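Protein chains in written order, with the working numbering: chain A, -18 to 284; chain B, 13 to 324.
Notes to accompany the following structure.
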Amino acid sequence: MSVAEKVREAPAAVAAAPRRKRVTDEHGRSVRVWELALRYLLLIAVLALTVGPFVWQLSTSLKGPTEDIFSSPPKFLPSDPTLHNYERVADTIPVWDYAFNSLKVATTNVVTNCVGSALAGYALARLRYGGRKVTTLVFILAMLVPVEGIIIAQFTTMRELGLNNTLIGVVLPGCIGAMNVLLMRNAFLNLPYEIEEAAYVDGANVWQRFLRIALPSVKGTLAVVAIFAFMGAWDDFLWPLIVLSDPDKFTLTIGLNYLHGTFANDERLVAAGTIIAVAPLIALFACLQRYFFRGVGEGAVKG
Amino acid sequence: MASSSSTASSGTAARGASSGAVRVRRQLPTSPWLFAAPGLLVVGIFILYPFVSTLVNAFTDRRTLIPGEFVGLANFRELLHDEMFWIGLRNSTLYVLGVVPALVLLPLLLALLVQKNIPGIAFFRSAFYTPVVASIVVVGLIWVWLLDERGLVNSLLETIGVGRIGFLSDQWLLLLSAMAVTVWKGLGYYMIIYLAALANVPRELHEAASVDGAGAFRRFLTVTVPAVRSTMVLVGALSSVAAFKVFSEVYLMAGPDGGPAGEDTTLVMLVQRTGTGLTGRVGYASAISVVVFVVTVALMLLVLRADRKEDA
Chain A
-18 MSVAEKVREA
-8 PAAVAAAPRR
2 KRVTDEHGRS
12 VRVWELALRY
22 LLLIAVLALT
32 VGPFVWQLST
42 SLKGPTEDIF
52 SSPPKFLPSD
62 PTLHNYERVA
72 DTIPVWDYAF
82 NSLKVATTNV
92 VTNCVGSALA
102 GYALARLRYG
112 GRKVTTLVFI
122 LAMLVPVEGI
132 IIAQFTTMRE
142 LGLNNTLIGV
152 VLPGCIGAMN
162 VLLMRNAFLN
172 LPYEIEEAAY
182 VDGANVWQRF
192 LRIALPSVKG
202 TLAVVAIFAF
212 MGAWDDFLWP
222 LIVLSDPDKF
232 TLTIGLNYLH
242 GTFANDERLV
252 AAGTIIAVAP
262 LIALFACLQR
272 YFFRGVGEGA
282 VKG
Chain B
13 MASSSSTASS
23 GTAARGASSG
33 AVRVRRQLPT
43 SPWLFAAPGL
53 LVVGIFILYP
63 FVSTLVNAFT
73 DRRTLIPGEF
83 VGLANFRELL
93 HDEMFWIGLR
103 NSTLYVLGVV
113 PALVLLPLLL
123 ALLVQKNIPG
133 IAFFRSAFYT
143 PVVASIVVVG
153 LIWVWLLDER
163 GLVNSLLETI
173 GVGRIGFLSD
183 QWLLLLSAMA
193 VTVWKGLGYY
203 MIIYLAALAN
213 VPRELHEAAS
223 VDGAGAFRRF
233 LTVTVPAVRS
243 TMVLVGALSS
253 VAAFKVFSEV
263 YLMAGPDGGP
273 AGEDTTLVML
283 VQRTGTGLTG
293 RVGYASAISV
303 VVFVVTVALM
313 LLVLRADRKE
323 DA
């Protein structure tokens, strides 16, 4: 059973107890009250540790120029919340241009990864041809290569292609991830052969079988690939740092590092910049987390 | 790209329909390659070719703008006498030793905490994943601000009377802080892996242990840990390889030069520093990269071996 399925079951289990609201565990046994209280206490403590820093950053970004952000004991709520710092970030660095650059890179990465790894994964899982084993091995080897170690050679390759200092250069090395190809391969392997067999008898060729039958059946894995591709591109730091030198082309992460270096003395600005960078991702993840937890759970259980 | 593949597809469509064989596995010899081509091209040009050229460059004195010549083992001999290399190797190794035990154990405890389906648990699971979603740059900047001499952590420490601590100015505290941030960011990721593994632990085992009178801690040691042991090995392997290659956390918290006197430089930071820019020593940086490969492969083998020994 996947994580998400269990989540959906929880309210039903609670509703099933007619007389008193009873909280049950995953096996349907009731949970003692003190144990439940301890659990929530621990959950809230971990929540404070994991989400607290983001909330503190948000609070800092909303504090006005006259408010003391270094006070001891610390003040958690801004006395006079203002969006002034967000305007000032945009005056200091072209933060919206950087965000747009990141968006372009991340969107392209999603499209290329979904299309490229679905195609290659389908070939590896469903097509028989000489060289299939070699192709699989190539992707496995590529997955094992540590990117951090080849980054200089990637850079010189990019120079030879004349693509360094371009957004295309930022996208290309990761535009079809070997790991995504193998994820898609596993997803296609888990589909029953009979459906495709029937389509073949009906005269569907390989592209029609791929597009109409196989692809719609692996939407969950495709969603995981898309989320990972977006997050990976939006969050990447080392590669854009190496490949981009022109401030006009900076992505948000590189721009933020630049902001930090130049205006380290005003934490309100840096805080506003980081919130701009993290807010879209948290929103995206909040919307898609259902697919995400289900997809990851399935992959791990079956893989 | 798009137009060429669509013509190819209509071509195969016409011919594929005319052939009458009733076997799903047979098709035109070219179409599997068309499916795999984009992936093979990207991986070949941007992963495998750079990997091979890194291995080759390590034996040359190539620079960014100068092709360079074969110099044999000169780069590796130079490494032995390079103080920065030893500092980098030390820090990357310390990073593995500091981060891996925490990342094997803490996410497991966290997974146990969020495993039970109590009201609101889905919210907690997602919330604990937030640090994984956030960019490492955002995470780095947030923690630089939190651990600043005047930041939140120090305000709290002063309020409770401990006094302020220079987390980011002392060489060792800085490295420890970076490790703590790595652990903090990784918790949610490994928690998900453990959650999937815990879902497969048969409940009968827990019940049997309960009947035998084992308490929660006892059950954790005798039932949970053995049941998720292979997942623990996997997490150990993944986190140790990632920890050895650490770059962003230290780069962001210690600065591009690696903290006071460069004492917090890690190996990948050294690769980035020596190999880039117009005067970058590509050959020498490649030699350091080769050391990174060798150590990460060795780490994987070590973890896998330890796994097999315990099985026997």
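Backbone N, C-alpha and C define an ideal beta-carbon position, used for all residues, glycine too.
Since the model is a prediction, treat every value here as computed from it, not as a measurement.
Report the option in the options whose CA atom is closest to the CA atom of residue i.
| i | options | result |
| --- | --- | --- |
| residue 195 of chain B | B/171, B/118, B/127, B/130 | B/118 |
| residue 245 of chain B | B/268, B/316, B/120, B/124 | B/316 |
| residue 181 of chain A | A/195, A/217, A/32 | A/195 |
| residue 111 of chain A | B/188, B/133, B/212, B/42 | B/42 |
| residue 121 of chain B | A/32, A/71, A/23, A/38 | A/23 |
| residue 186 of chain B | B/82, B/267, B/167, B/171 | B/267 |
| residue 118 of chain A | A/133, A/130, A/101 | A/101 |
| residue 237 of chain B | B/65, B/124, B/285, B/102 | B/124 |
| residue 202 of chain B | B/116, B/87, B/297 | B/116 |
| residue 137 of chain A | B/213, B/59, B/104 | B/59 |
| residue 16 of chain A | B/128, B/85, B/83 | B/128 |
| residue 36 of chain A | A/147, A/252, A/142 | A/252 |
| residue 296 of chain B | B/89, B/64, B/200, B/46 | B/89 |
| residue 102 of chain B | B/256, B/271, B/314 | B/256 |
| residue 251 of chain B | B/290, B/320, B/205 | B/205 |
| residue 79 of chain B | A/163, A/141, A/185, A/179 | A/141 |
| residue 90 of chain A | A/187, A/174, A/157 | A/157 |
Would you list the residues sitting across from residue i in a DSSP beta bridge?
| i | result |
| --- | --- |
| residue 82 of chain B | B/72 |
By Cβ distance below 6 Å, which residues in the same chain neighbour residue i in space, the five residues on each side in sequence not counted?
| i | result |
| --- | --- |
| residue 193 of chain B | 155, 261 |
| residue 97 of chain B | 91 |
| residue 304 of chain B | 279 |
| residue 312 of chain B | 249 |
| residue 308 of chain A | Beyond the ends of chain A as shown, which are -18 and 284, falls residue 308 of chain A; an answer cannot be given. |
| residue 9 of chain B | This structure cannot settle anything about residue 9 of chain B, because the visible part of chain B is limited to 13 through 324. |
| residue 189 of chain B | 159, 179 |
| residue 272 of chain B | 183 |
| residue 154 of chain A | 135 |
| residue 272 of chain A | 204 |
| residue 70 of chain A | 76, 250, 253, 254 |
Sorted by chain position, which residues of the same chain lie with C-beta nearer than 7 Å to residue i's C-beta, five sequence neighbours on each side aside?
| i | result |
| --- | --- |
| residue 139 of chain A | 145, 150, 224 |
| residue 57 of chain A | 40 |
| residue 62 of chain A | 43 |
| residue 136 of chain B | 126 |
| residue 67 of chain B | 302 |
| residue 106 of chain A | 166, 169, 170 |
| residue 191 of chain B | 107, 110, 111 |
| residue 99 of chain A | 165, 196, 203 |
| residue 60 of chain A | 48 |
| residue 183 of chain A | none |
| residue 87 of chain A | 211, 214, 215 |
| residue 277 of chain B | 96, 99, 100, 103, 270 |
| residue 133 of chain B | 126 |
For residue i, which residues of its own chain have a beta-carbon under 8 Å away from its beta-carbon, when the five flanking residues on both sides are left out?
| i | result |
| --- | --- |
| residue 248 of chain A | 41, 50 |
| residue 46 of chain A | 65, 249 |
| residue 171 of chain B | none |
| residue 222 of chain B | 231 |
Using 8 Å for Cβ pairs, my map puts residue i next to residue j. What's the rounded Cβ distance?
| i | j | result |
| --- | --- | --- |
| residue 55 of chain B | residue 159 of chain A | 5 Å |
| residue 254 of chain A | residue 76 of chain A | 6 Å |
| residue 108 of chain A | residue 44 of chain B | 4 Å |
| residue 70 of chain B | residue 299 of chain B | 4 Å |
| residue 129 of chain A | residue 63 of chain B | Not a contact, Cβ separation roughly 12 Å. |
| residue 213 of chain B | residue 212 of chain A | Wrong, their Cβ atoms sit about 29 Å apart, outside the cutoff. |
| residue 321 of chain A | residue 198 of chain A | Examination of residue 321 of chain A is not possible in this model, given that chain A is present from -18 through 284 alone. |
Comparing the CB of residue i with every heavy atom of the ligand FAD, is any distance shorter than 7 Å?
| i | result |
| --- | --- |
| residue 301 of chain B | In terms of ligand content, the structure shown is empty, and the ligand FAD therefore cannot be addressed. |
Do we get a CB-CB distance below 8 Å when we pair residue i with the residues of chain C?
| i | result |
| --- | --- |
| residue 131 of chain A | The displayed structure is made up of protein chains A and B, and chain C is not among them. |
Practice problem: Decide if the region 213 to 225 of chain A is in contact with the region 111 to 125 of chain B; the criterion is three or more beta carbon pairs, one per stretch, under 8 Å apart. | Solution: no
Quiz item: Does the region 225 to 235 of chain A touch the region 79 to 96 of chain A, meaning 3 or more C-beta pairs lie closer than 8 Å?
Solution: yes
Quiz item: Counting Cβ pairs closer than 8 Å, one from the region 155 to 169 of chain A and one from the region 200 to 211 of chain A, do we hit at least three?
Solution: yes
Quiz item: Should the region 235 to 244 of chain B be called in touch with the region 199 to 218 of chain B, which here means at least 3 C-beta pairs below 8 Å?
Solution: yes
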